[in-house]
Structures are given as structure tokens and as C-alpha cells.
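Chains as they are written, first to last, in our numbering: chain C, 1 to 234; chain V, 1001 to 1343.
Just so it is clear, CB atoms sit at the ideal spot from N, CA and C, and this is done for glycine as well.
Here it is, written out as C-alpha cells:
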């Protein structure tokens, strides 16, 4: 479980996050939604140690705040950043191998488990990542994050640039992974409708503050939130 | 065949290295004594190019100071040989590699916090400092006259392999060449494994995407420092071999010009590849032949000012042509030609 309490982040004079608190339970998807500039990406960057923050972020009983990014990763927090971080000049398998840097699991075993999870990647294992479609790249980014067998998966805009059908497939995969691997998933999404459909809980950020939080079904049903974030007239 | 290669990659690389070594040693028996010494010089320089190629091609850091690390390795070997004349040369090689690596660590601690032109500037300053330091630290370095050591003595069993009136000349030219080839083979085998190891993969990620590297559990500072140390250790080893081959070390040999030459040879051969480093070494060996050819074709008087500087001009032109026509070096051009032929 990830517990965020009183989290604040400032970039110079700009306060990107103010006193943000929420919990992301184990084996569940918690989605973070909000408009551009709400602080969603900063929130994920704070958890993985890429952004300096104040407050508290606990993974079970361990305080993550103040830890170096690589140490947070070694504790089992996998972060798929916006843009996916896939190396286009490397093959699919070479990209996957990069994900095993912090893992103690033998390489062959790690690769086999990801190929079982994502059969499309095995078919394209020798192809350069540059030749993959947007959906395949997203699969590769997730597989690379999961290959080290993390307990927490942070996903930043996984549907970015994907066609609606591919987005739906990606969301289904995330839901399946969360259930089968008992992962704590924090899903940041612009596409709030898709995210709320698979998430158990939701946190709505507005200008760096928590505007609403609760079970995703309730958030999705709130007429005001529907109007602001889902583009649905009540 | 390819499945064997995938199942036993390290053993495969060992077999490939041994085969190449046997071929090169066999070639040294055919070559003239002059070509043997060129082969030895090329092999020694290829070790240094490989270290530089690792630093630039794999970790994405620039160094204009690797000639300085070579100087450290060269002096360590000369000083050690002057005090321990009977000790096996392997000690000189190991000591120069270790001290080269340690000096790399000292420079890496501040250098790896810098990027791009700032990093290049710092290593440039190091390169500038080496020659004056060696000139002034006479007690250790022998000042401008440098230090001299005995040439590698050819063992009797090796001399026995040759017959005829020039047997001694041939044996004495070939022994250092073969020793250098063995040292280069060990260095290349180690690097081939490093390229494909967890460290090599981490280095590639650091070069291509720092954020992804951190998110994969890589400590950026430690990875960059390690790259610097390994590169400096290779330069130290190369410098050591150069001293053993030439029997001397002088401060002027290891200035900024050599650092730039190393960079040029690396680009000409191909950055970040084993074969690129070998090609760079070969170009170094036969650059004088190339310059002579240009002299002959152009009719430039070798004793004129232009003739005396022709080597620099030839390298400059080659570098520009490579950057324009084959940005991945001769290795990249070779791969492109193979693909074109298949089409």
C-alpha cells in the first residue's frame, strides 16, 4: 500500500502540489485524474523520487521521501513515465533486458514471464522498438517495468497517443495485471472515462490540491465532476 | 550456430577472441619486422581507443584527456621497470592498469557531475596539465629527457622458432608484437563481455535516457564514474604497452595532440564497437604509409612546412569525410555496404 500524506512540491515560485493526501491500497487501481497542470505527473515523480517533495510517502511502513530514485526502484516501485521511456534504437528484447538491471531474478526467467504476459512482444522480440505501434510501445514499457517484479506500478498517461480501441485494450491489460500480480497501481490519466472504468478508487487533482477522492464509481457518478472532467452534461 | 552463441555467449566470445588472436599471431609470422612493429603499435593504440569508445559510445561522456591517462600508465611502467628490472611484465601491465583506473576515479569524481562542453573542458585541462607536470616532476619522470627501460627480451624458445641470417631481427620484432596482441586480446575479451553485461546495459540506458535509467534502479553518478574508471584503466594499459614497445617514455608523447588523435581514430573506426577500435588501431599503424602515398600523389615535399604537417591535414580530411559519408565510422559503412549488396 502507498500512503501519501501532506505532500507538497514547489518548482521555484510555483506550487505544483499542496498538502495532497490519499491511500492506494494493495491489489487495487487508484487513478489520479485532473486537468492539464493539476500536478498528476508531479505526484508520480514525487513517489518515484524524481521530484523533491515535502510531506510523507510510505510504501507499507517504509518512508520513500528523501530516497534516491534508484533506491525507490529497487524497493519495488516501477514507474512508466509519460512518453514511455522506450529506447527506439534498441530491440524489444534489449529494452526488456534494461528493466532487469535492479532485479535478482535470472534474465531468462524474467523474459519468459513477460513474453507469457505479452505474447505480441515475443513475436517482435528482435524488432527495433522504433518499428512498434503506439500500443505495442506501451506494452513494452509496461513489460519493462514489470520484469523486475515490482509491488507498485506507477503509470503516467498510458493512453497518450493511442487509438480508442487500443486504449481500451491497454486499460484491460492494466486491470488484468493488477489482479493477477496483486499490484498497487497508481494510474495517471487524461482519459478520465477509461481510467475510472477500471479503477477501484480515484483522486481528482485541481491546481495541485485534492478536489475529490473516493471510490471511482462515486466519482464517476458525481454530476459536477462529470461535467468538469468527463465532459458529460448532467 | 546462433543458438550456441545465445546459450553460451561468454564462451562464444572467448572462442572468437582466441581465433582472432591465432590469426593475428599467424599473420605476424608472415609480416616483415617493420610491419610487426606497426602491428604492435596498432594493437596497443586499439586498447586505448576501445576504452575511449566505451566511455563515449556506451556511457555518453566525452573525454579529451585519455592521453593523460596513457601517460600515467606509461610512467608507472617505466618507473616500475627501472626499480624491478627482473619482475615479469605482467606486473607492469597490471599496475599501470590499476593506477590508470585510480587516476580516472580521481578525475571522475568532479568530471561526472559535468555535461557536454563543460566535461570536455575539464578533461582538456587535464590533458594540458600532463606534459608540464611530467616536465617539472623530474625526480619521478626524468623531466624532458623522459625515462628509458630495457626492451622486451625475446625468450630463447621463441627465438628458436626462427632460422636464417635475419632470425634474431625477426624474433626480436615479432615477440613484442605477439605479446601486445595477447594483451589486446585479453582487453578486447573483457570489453566484449562488459558490453553485454548488466553494467553495459545500464551504461547504455544512462546514455540514452537518464530518467529511465534512474527508474530502472541505476545510480547515475556511480555508473558514470565506473565508465570513466574503466576508460582510464584501458588508457593506462595502452600507455604501459607503448612504453614496453618503445623502451622509453617522454612527456611530449602524451599531450593534447594524442588525445585528439585518439578521438579521431575512434570516430574513423566506429564509436562504441570492438571492430571500430581494431580499425582505428590499424589506421594508426598505417597512417604513415597513407601520408607517404598522399606525398607521392600530390608531389608535396615532405621536408617543407606543408609536408611536415601533412599527417594532421590527412587525418582532418578523413575525419570530415567520415562524418559526412559514414557517421558510424568505417564499421558502419561496412554494415551499410553489406545491406546494400543483399538488396
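Could one say the Cβ of residue 1094/V lies closer than 8 Å to chain C's Cβ atoms, at least one of them? At a cut-off of 8 Å between beta-carbon atoms, residue 1094/V makes no contact with chain C.
With a CB to CB cut of under 6 Å and the five nearest residues on each side skipped, what residues in its chain are close to residue 118/C? So the list reads 139, 143, once near-sequence residues are dropped.
With 7 Å as the limit, tell me which residues of the segment 1209 to 1227 of chain V have their beta carbon closer than that to any beta carbon of chain C; keep them in chain order. Residues passing the 7 Å Cβ filter: 1209, 1211, 1212, 1214, 1215, 1216, 1217, 1218, 1219.
By the criterion of Cβ-Cβ separation under 7 Å, what are the contact partners of residue 98/C in chain V? Residues of chain V with a Cβ closer than 7 Å to the Cβ of residue 98/C are, in chain order, 1201, 1205, 1216.
Measuring only between beta-carbons, confirm whether residue 1198/V sits less than 8 Å from chain C. By this cut-off, residue 1198/V is an interface position.
Same chain, Cβ closer than 6 Å to residue 125/C, five either side skipped, listed in chain order: Same-chain partners within the cutoff: 92, 93.
Determine the contact status of residue 214/C and residue 170/C, defining contact as a CB-CB distance below 8 Å. No, the Cβ-Cβ distance between residue 214/C and residue 170/C is not below 8 Å.
Check whether the Cβ of residue 70/C lies closer than 8 Å to any Cβ atom in chain V. Yes, residue 70/C lies at the interface with chain V (some Cβ there is under 8 Å from its Cβ).
What separation, rounded to the nearest whole angstrom, lies between the Cα atoms of residue 86/C and residue 96/C? Computed Cα separation, rounded: 9 Å.
Sheet register partners of residue 214/C (DSSP bridge): According to DSSP, residue 214/C bridges with 202/C.
For residue 57/C, which beta-bridge partners are listed by DSSP? Under DSSP, residue 57/C forms a beta bridge with 4/C.
Counting contacts by CB-CB distance shorter than 8 Å, is residue 134/C in contact with chain V? Output row for residue 134/C: interface = no.
Check the Cβ of residue 236/C against every Cβ in chain V and list those closer than 8 Å, keeping chain order. Absent from the structure is residue 236/C, since the part of chain C shown begins at 1 and ends at 234.
Give the secondary structure of residue 1249/V by DSSP, where H, G and I count as helix, E and B as strand, and everything else as coil. Reduced to three states, the DSSP call for residue 1249/V is strand.
Can the beta-carbon of residue 1050/V be found less than 8 Å from the beta-carbon of residue 1187/V? At a Cβ-Cβ threshold of 8 Å, residue 1050/V and residue 1187/V count as neighbours.
If we cut at 8 Å on Cβ distances, does residue 213/C have a partner in chain V? Not an interface residue.
Residue 1174/V: which of 1257/V, 1027/V, 1148/V, 1065/V sits nearest, CA to CA? Out of 1257/V, 1027/V, 1148/V, 1065/V, 1027/V has the C-alpha closest to the C-alpha of residue 1174/V.
Going by C-alpha distance, which of 1029/V, 1336/V, 1018/V, 1326/V is nearest residue 1163/V? The residue with the shortest Cα to Cα distance from residue 1163/V is 1029/V.
What residue range does the beta strand (DSSP E) around residue 79/C cover? In the DSSP annotation of this structure, the continuous segment of the beta strand (DSSP E) that includes residue 79/C starts and ends at 77 to 80.
What does residue 74/C touch in chain V if you count any residue whose Cβ is under 8 Å from its own? The answer, in chain order, is 1217.
Assuming residue 1230/V and residue 1054/V form a contact by the criterion Cβ under 8 Å, report the distance between their Cβ atoms to the nearest whole angstrom. Correct: roughly 6 Å between the Cβ atoms.
Proximity below 8 Å, CB of residue 39/C to CB of residue 5/C: With contacts defined by Cβ atoms closer than 8 Å, residue 39/C and residue 5/C do not form a contacting pair.
By a C-beta neighbour count over all protein chains shown, 10 Å radius and 16 as the cutoff for buried, is residue 79/C buried or exposed? The C-beta of residue 79/C has 16 or more other C-beta atoms within 10 Å across all chains shown, which makes the residue buried.
Provide the residue span of the beta strand (DSSP E) that contains residue 239/C, from first to last. Only positions 1 to 234 of chain C appear in this structure, which leaves residue 239/C out of reach.
Compute the distance between the beta-carbons of residue 103/C and residue 163/C, then report whether it is under 8 Å. Against a cut-off of 8 Å, the Cβ pair of residue 163/C and residue 103/C comes out as no contact.
Cα-Cα separation between residue 1062/V and residue 1118/V, rounded to whole angstroms: For residue 1062/V and residue 1118/V, the distance between alpha carbons rounds to 10 Å.
Residues of chain V with CB under 8 Å from residue 85/C, in chain order? Going along chain V in sequence order, the residues near residue 85/C (Cβ under 8 Å) are 1209, 1211, 1212, 1215.
Using a Cβ-Cβ cutoff of 7 Å, what residues of the segment 35 to 50 of chain C are near chain V? List them in chain order. Within the segment 35 to 50 of chain C, contact with chain V at the beta-carbon level (separation under 7 Å) is assigned to 48, 50.
Considering only the beta carbon of each residue, do residue 120/C and residue 89/C sit closer than 8 Å? Cβ atoms of residue 120/C and residue 89/C: not closer than 8 Å.
Reduced DSSP secondary structure (H/G/I, E/B, other) of residue 1052/V: Helix, per DSSP.
Using a Cβ cut-off of 8 Å (strictly closer), state whether residue 223/C contacts chain B. Absent from the structure: chain B. Protein chains present are C and V.
Just reading off the beta strand (DSSP E) that residue 100/C is part of, what are its end residues? Unbroken run through residue 100/C: none, as it is neither H nor E.
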